[in-house]
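Take any residue in the sequence shown, note its place counting from 1, add 16, and you have its number in the numbering used here.
Where is the CB? At the ideal position from N, CA and C, for every residue including glycine.
Data first, discussion second: the structure below is written as structure tokens.
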Amino acid sequence: EGFSSVTFFLSLHRFQACVYFASVFQAMSCGIHYLASVFMAVTPNFVCGIPGNVSSVLFYNSTESSIEDIWTLWTSAENYIVVQLENGEIWELNQCSRSKREVSLDLVYEYKGNKSVFSCSDGFLYDDTKWKSTVVTQWDLVCDQEWLAKLIQPTFMLGVLIGAVIFGDIADRLGRRRVIWFTSAGQFVFGIAVAFTFDYYSFVIVRFFLAMVSSGYLVVAFVYVTEFVGIKARTWASMHVHAFFAMGIMVVALVGFLVRTWWVYQIFLSIATLPFVLCCWMLPETPFWLLSEERYEDAQKVINIMARWNKVSTPCKVSELCSVQQDDVVSGRMGDNDTSSIKKHNILDLFCNWHIARRTITVWLIWFTGSLGYYVFSLSSVSLGGNEYLNLFLIGAVELPCYIIACIGMDKLGRRNTLIPFLILSALICVLIMFIPQDFSILIILANMAGKFSIGVAFGLIYLYTAELYPTIVRSLAVGSGSMMCRVGSVVAPFCVYLRSVWIFMPLLLVGIMALLSGVLTIMLPETLGKPLTNTLVEATEMGRNKKSCSGKIPPAHSGVTLEKIEMFGQERARTEK
């Protein structure tokens, strides 16, 4: 039956609740760093610097004593400012050039005489009414250096892409806990370091590493909380990670409104990660990963700790969970290939057979489409106007009901049955927008928000769905590679929007086609609602071949049902204790 948000919080035992909220709190910092450049790399109004002291300033029919008084009248980059220096010279100041009038008689705005054009060798003058300092104003990333400013977010997303794959793979090899330790500490260290970079190139490099650890944490955190909570709470647990990420976006809007100097702004944003850095060292490794690595004693220690926290007097034994004694499990594997127990998995394991390969291609396409659609609809929403800080805050806030709808749908209808209609709905909305007359601006905006909402539902549940579709041994790698495709989509999205110059509806057409294709291919994916997490590729393959549990065909030591007992032991033992 449906699982409400309230019952989700009540269902978590004390140990799982502490681990869960400690982990998802740090997801808020990921949302912060992902969106920090929205205000940090703002390009304000600007003109060429003045080669001397100004006596008067003219902008159309308005005469002022200083350029600062002109910015409120500035309406377009095509505007220019006329200034008269104390030595009598009259200059026209454009954004990327300045002109000296050969005949300096009267101070008038329109001038038809001869002019000498010069470059902006004296720097630039910026409008500081909104932002006292940004990375653009600090390093003059305008005019012929403008492309450097436009590379700030793409290079960050490139770091996100690489970090998702690298740390996803490392988490499967070395464990979830070590990666959480490193990436959470890295977010704080690199976040503070960004504020003290001395030039543009060091700024981009440090932010690249910040992107890697932020992406790495987010990927592993999804896997970590999924492996610690039970079946019923898994849906809401996964979605509330997205909710904390959205809260990070709202924090960016709030801090951006309060702090208008970019490096101070960056420090305040990075401090938000400090509480988790101080306590993340206490987080345990997941029993799922320990059992997959045959570290039975360590798994038993974690189970004992969970039992003490949850006040269960008779904790489960690993031997009971596996239905055989630990030494029998080990001896039973001696007849197998010795290298199997130490095999290190890589991305090729996601294509180990036709069923898994088809699943991987479909999942990757959904990740890509979700990200592409999300950012295309987001970029289209800037036409809303109004207060930019409030707009960003609402962009983050609108995601919260989106994830609630996704949770209800996943628990009532299933993962696949929720994903398919919302993908197809987003495709239909793209077509609908193409038929709305351009004069109906409010209707167009509402349709764009509906498209963002529908693609957001699909984008939100694919994290959990991916984790459930793959076994423990490659789960982090699967989520990490999917996140990589997601970042590819986010990098492609701005270029997709540029296609508006070819045809105004070209971006929507591409998103609609991708969403429709993804929705159709999703029909072939297996449903995972209420099913135990799998532990081997054999189990994952069997899940796709039939609708029944394959636990009867799998040796007990490898059974996902066996591992699922870890998720439920606290609840079952608590009932018997009562």
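Are the CB atoms of residue j and residue i within a distance shorter than 8 angstroms?
| i | j | result |
| --- | --- | --- |
| phenylalanine 41 | phenylalanine 225 | no |
| glycine 505 | threonine 385 | yes |
| alanine 38 | cysteine 295 | yes |
| isoleucine 283 | tyrosine 233 | no |
| phenylalanine 172 | arginine 223 | yes |
| phenylalanine 212 | valine 293 | no |
| valine 210 | phenylalanine 198 | no |
| serine 230 | cysteine 423 | no |
| arginine 374 | threonine 538 | no |
| leucine 485 | threonine 552 | no |
| valine 473 | alanine 483 | no |
| methionine 255 | tyrosine 419 | yes |
| tryptophan 305 | arginine 194 | no |
| valine 382 | leucine 493 | At residue 382 the sequence reads isoleucine, which differs from the valine that was named. Contact flag unset, no. |
| glycine 264 | isoleucine 48 | yes |
| valine 392 | valine 245 | no |
| proline 487 | glutamate 555 | yes |
| methionine 500 | leucine 177 | yes |
Tell me the residue span of the alpha helix (DSSP H) that contains residue i.
| i | result |
| --- | --- |
| tyrosine 243 | This sequence places glutamate at residue 243; tyrosine is not what is there. Where glutamate 243 is concerned, the enclosing alpha helix (DSSP H) stretches over 216-244. |
| cysteine 423 | 415-428 |
| threonine 153 | 151-154 |
What did DSSP end up calling residue i once you bin it into helix, strand or coil?
| i | result |
| --- | --- |
| isoleucine 1 | Within the shown structure, residues of the chain are numbered from 17 to 594, placing residue 1 beyond reach of any answer. |
| glutamine 342 | Caution applies to glutamine 342, whose pLDDT of 45 falls short of 50 and renders its modelled position unreliable; the value that the coordinates give is listed next. Looking at glutamine 342 - three-state DSSP - the assignment turns out to be helix. |
| serine 387 | helix |
| tryptophan 107 | strand |
| cysteine 368 | coil |
| cysteine 446 | helix |
| leucine 101 | strand |
| arginine 591 | Any reading at arginine 591 must be qualified, since the residue scores a pLDDT of 38, below 50, and its modelled position is unreliable; no value is offered. |
| phenylalanine 456 | coil |
| serine 132 | strand |
| valine 58 | coil |
| valine 63 | strand |
| proline 437 | helix |
| threonine 378 | helix |
| valine 490 | helix |
| leucine 541 | coil |
I want to check one thing, is the minimum distance from the CB of residue i to the heavy atoms of the ligand FAD below 7 angstroms?
| i | result |
| --- | --- |
| valine 119 | For the structure depicted, the ligand FAD is absent and the ligand set is empty, with no information on it obtainable. |
Tell me which same chain residues have a C-beta within less than 7 angstroms of the C-beta of residue i, skipping the five on either side of it?
| i | result |
| --- | --- |
| valine 152 | Ala57, Val58, Thr59, Val158 and Ala165 |
| tyrosine 405 | Ala269, Gly272 and Phe273 |
| proline 303 | Ala315, Val318, Ile319 and Ile582 |
| isoleucine 445 | Ala463, Ala466, Gly467 and Ser470 |
| methionine 376 | The sequence shown places threonine at residue 376, rather than the methionine named in the question. Contacts found: Leu366 and Phe367. |
| threonine 557 | Asn369, His371 and Ile372 |
| methionine 266 | Phe409, Gly412 and Ala413 |
| serine 53 | Ile168, Gln169 and Phe172 |
| serine 71 | Gln100, Leu101 and Glu102 |
| isoleucine 208 | Ile283 and Ser286 |
| asparagine 110 | Val63, Cys64 and Tyr96 |
Under 6 angstroms Cβ to Cβ from residue i, same chain only, skipping five residues before and after it: list those, please.
| i | result |
| --- | --- |
| phenylalanine 4 | Here the chain has residues from 17 to 594 only, and residue 4 is not among them. |
| alanine 509 | Leu388, Tyr391 and Val392 |
The beta strand (DSSP E) spanning residue i covers which residue range?
| i | result |
| --- | --- |
| cysteine 46 | Counting along the chain, cysteine 46 falls outside any beta strand (DSSP E), though it belongs to the alpha helix (DSSP H) covering 30-51. |
| tyrosine 142 | 140-142 |
| valine 70 | 70-75 |
| threonine 79 | 78-80 |
| arginine 117 | 114-117 |
Hey, does residue i have any beta-carbon neighbour from chain D nearer than 8 angstroms?
| i | result |
| --- | --- |
| valine 235 | The structure shown contains no chain D, having only a single protein chain. |
Pick out the complete beta strand (DSSP E) segments inside the stretch 271-302, 3 residues or longer, and give them in chain order.
none
Requested in this report: Could you tell me which uninterrupted alpha helix (DSSP H) segments, each at least 4 residues in length, are contained entirely in the stretch 165-220, listed from first to last along the chain?
Outcome: 168-190 and 192-211
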